[in-house]
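Chains as they are written, first to last, in numbering that gives the first Met the number 0: chain F, 0 to 191; chain A, 0 to 191; chain U, 0 to 191; chain V, 0 to 191.
Where is the CB? At the ideal position from N, CA and C, for every residue including glycine.
In this text the structure is predicted, and so the values were computed from the model without any measurement.
Below: the structure, in structure tokens.
4 protein chains.
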Amino acid sequence: MADRKEEIIQAGIEVFAARGYYNTHIAQIVEKVGIAKGTFYLYFNSKKDLFISLIKRHEKIFLEVFDNYTFDTNNKNLKIFLEEMLLGFFKIYKKHKNLSIIILREAVAVNEEFGDEFKRMEEKRFRRLQDLYKFLIENNYISKDIEFDYFAFAFLGIMESVIMRKLILSEEDFNIEEAADKISDYLNKAIS
Amino acid sequence: MADRKEEIIQAGIEVFAARGYYNTHIAQIVEKVGIAKGTFYLYFNSKKDLFISLIKRHEKIFLEVFDNYTFDTNNKNLKIFLEEMLLGFFKIYKKHKNLSIIILREAVAVNEEFGDEFKRMEEKRFRRLQDLYKFLIENNYISKDIEFDYFAFAFLGIMESVIMRKLILSEEDFNIEEAADKISDYLNKAIS
Amino acid sequence: MADRKEEIIQAGIEVFAARGYYNTHIAQIVEKVGIAKGTFYLYFNSKKDLFISLIKRHEKIFLEVFDNYTFDTNNKNLKIFLEEMLLGFFKIYKKHKNLSIIILREAVAVNEEFGDEFKRMEEKRFRRLQDLYKFLIENNYISKDIEFDYFAFAFLGIMESVIMRKLILSEEDFNIEEAADKISDYLNKAIS
Amino acid sequence: MADRKEEIIQAGIEVFAARGYYNTHIAQIVEKVGIAKGTFYLYFNSKKDLFISLIKRHEKIFLEVFDNYTFDTNNKNLKIFLEEMLLGFFKIYKKHKNLSIIILREAVAVNEEFGDEFKRMEEKRFRRLQDLYKFLIENNYISKDIEFDYFAFAFLGIMESVIMRKLILSEEDFNIEEAADKISDYLNKAIS
DNA sequence: TATGAATGAGACTTCATTCAT
DNA sequence: TATGAATGAAGTCTCATTCAT
């Protein structure tokens, strides 16, 4: 039953998000689903296996933001361009809040165990960002003085900082439209 | 013997940095120091106790950057102001590379166990940043339109993003002067 | 369906022979047959039940060698007598190689669980050997000095040693005629 | 403490001999020694690790029989020669009855897991037997018609058959002098 | 007859912590 | 202060067997 697998994934997302990888135990996940321990292992080979599924799911969701984004120049200035993209990411992060918590948290923490998975994911992200960077350069949106590295660091750094603090650590509601507006404004001023 | 305690802290920094909190075992730390397991518990109540010591040490070091920084306006524009401050942080992070790795990594990962410590630390950081923000506003370095939250997110986000990727994840040497120059330039444009 | 039960037995023989009793899992057997796990339990009460079936099957096959053997004295000396009998056993072991592997291997290994079955089997074997022994004594093929115990040990010991090493552990083809010739020669010299 | 390790080995020998490898659990061994489970793992990495220790111990003991045996021809005929050697083995097997049970039983049963260890051991045994065989040929104790393979099969086969049935499976006391006398007599007649 | 998802007891192993010396 | 052997709770995972369909 594919539903059962999905149930386990959903429970995993909740528990991993609440307690972190190492403080999450299979017992907690199966209790949440309401199944026996053995059942978990019908669908996943190990705790690690489930976790890798979550990484891959996040990767897929995240990259779709780029894929769904049309790189066109009609009536768009850089500010609007960045704003739309940031809004896309914020929506995804908000919709998949728990999954996002897990990835942002463990990507940097459990690298001993999932280093390869996270590295692959980071590389894919950077490749997409590079496409964006090239597009912006070619269409004169940003100056050639801007190095890709720092463009990426600024973009990801501010975005993740906002996500972490506004979405994940904070209890209050996160107004993503406002955030996308403000950050795109700063980024626009910083790099155009 | 205070030296013995310091030896344990140093070994802890190395091992925690290399393997992460949950993959670090007391056995590895005491082996590095060359003492018996029991001896560890003469100086620290638990593994957690040692780790909290490291958080506090980092906090102290980090906040000193603010303390050592003179908030004056002589001949300084915002760009230079930010550049000097960033350079200060980069120097500290580079000097205490392993300790920085630990904090940046686990601050977000192990909150189940150290949530309170990290929250306290974050609050102190924000209070200092707030002082800086007020100073910049009062002296017309930045516009009143800039909200504190986004100022902080941008400043910390870019800085930590660069630290993580240039200092921690990358093998190459990290040219901190160049980084401080570039990032302060972007920030200056973004918020002035 | 008797065929279905036989299919399971055949798959069991293959897998038990290849992996041993404890390393064989029901999952492997049913996969080989191409049936579901539940189906296995329609034909056998347990893994142990299947295994006991195999022991009984081997016992039946083995004892038939004695039954098919005519104890007559026409033109036969002891050497020829023993040679024919050994050849009979070798043929059976070769024909039922996997079953033989299982029995020789586990007879001695899993006695905790199958002790009773194997003991019963050994007793039957010894009763047939005793008939043979009496026949040989009564017809002056062997001296009365030869005790039954040692006759049996020598006969079974050499035979099983050859089976184990030539048939089971070795990859090369096993020339059973040559083996029967040589061993019967030694046995003849040893006990006549 | 080397004594503690030896205690575990002794308990392991008893339990493995009584129950077989797969039916022996660490819990039973540590209970016999009177220690906690964790203590077991201070001395052995795993159940398998302990078992391999036992294989090596047996190998050492067994090969010493050959080493302690002087290959000289003074006043010895083949019968006496073989009798002395068999007696040597029987003494060792009797002295180390439980260890012998384990090895004879599992050598053939658990090859999936300990195949390499047992193969190495069998090779060493055969090398020593080959030395003996050459010595017997060179000193005209046995005819050149006797092939090594069958010499080895007969020697080991009868010996192990006796060991298994008289020493291990039987409850009665095993008169090793009588057994050595009889078997050496048969072997002498068979191969001289 | 046949299925196969589900079960759960119980195995092995880890490692922070203790305590007698 | 210092030791390090010992502890044992608790974790992950296995697999023969069951049972509703």
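Taking the Cβ atoms as the reference, Y149(A) lies roughly 14 Å from S191(A), outside the contact range of under 8 Å. Using a Cβ-Cβ cut-off of 8 Å, M163(U) is close to V107 of chain V, given in chain order.
Taking a Cβ-Cβ cut-off of 8 Å, the neighbours of K181(F) in chain A comprise E146 and Y149, given in sequence order. Between K31(V) and E13(V), the C-beta spacing is below 8 Å. Within the segment 21 to 87 of chain U, the complete alpha helix (DSSP H) runs of at least 4 residues fall at 25 to 32, 36 to 42 and 46 to 67.
Around the beta carbon of A178(A), a 10 Å sphere encloses 16 or more other beta carbons of the protein chains shown; the residue is thus reported as buried. Taking a Cβ-Cβ threshold of 7 Å, none of the residues of chain V is close to L86(U); the smallest such distance is about 16 Å. Residue environment analysis places L135(F) among the buried positions, since at least 16 neighbouring C-beta atoms fall within 10 angstroms of its C-beta. Interface criterion not met: the Cβ of E83(A) is under 8 Å from no Cβ in chain F.
Nearest C-alpha to N74(V) among S45(V), I175(V) and E83(V): E83(V). Under the DSSP assignment, E171(A) falls outside any alpha helix (DSSP H); it carries neither an H nor an E label.
For a Cβ distance threshold of 8 Å, nothing in chain U lies close to L98(V): the least Cβ distance comes to about 15 Å.
In this structure, DSSP gives E146(A) a state outside helix and strand, which the three-state scheme calls coil. Our two residues, D180(A) and S99(F), have alpha carbons roughly 32 Å apart in a direct line.
Nearest CB-CB separation between F152(U) and chain V: below the 8 Å threshold. Interface residue (Cβ-Cβ distance to chain F less than 8 Å): N22(A) is classified as such.
Contacts with chain F at 8 Å (Cβ-Cβ) include L155(A).
R18(A) and K55(F) have their C-alpha atoms some 23 Å from each other.
Within 10 angstroms of the beta-carbon of G11(F) lie 16 or more other beta-carbons, which makes it buried.
For E159(U), the closest Cβ of chain V is nearer than 8 Å. Using a Cβ-Cβ cut-off of 8 Å, K188(U) counts as an interface residue toward chain V, since at least one Cβ of chain V sits closer than that to its own. Below 8 Å, too few C-beta pairs join the segment 60 to 72 of chain U and the segment 156 to 166 of chain U to call them touching: fewer than three. For a Cβ distance threshold of 8 Å, residue set Y149, A153, A189 and I190 of chain F lies close to Y185(A), ordered along the chain.
Within a 10 Å sphere around the beta-carbon of N67(V) sit fewer than 16 other beta-carbons, which makes this residue exposed. For the 8 Å CB-CB criterion, L103(U) and I7(U) do not form a contact. Within the same chain, Cβ atoms closer than 7 Å to the Cβ of F89(V) are found at I175, A178 and A179, the five residues on either side in sequence being excluded.
Contact between the segment 41 to 57 of chain U and the segment 111 to 130 of chain U is present, with at least three C-beta pairs closer than 8 Å.
Nearest to S142(A) by C-alpha distance, out of G33(A), Y21(A) and N187(A), is N187(A). Relative to F15(U), the option among D144(U), F152(U) and K96(U) whose CA is nearest is K96(U). The beta carbon of L86(F) lies closer than 6 Å to those of A179 in the same chain, with the five residues before and after it left out. A Cβ-Cβ distance of about 40 Å is found for the pair G33(A) and G156(F), leaving them out of contact under the 8 Å criterion.
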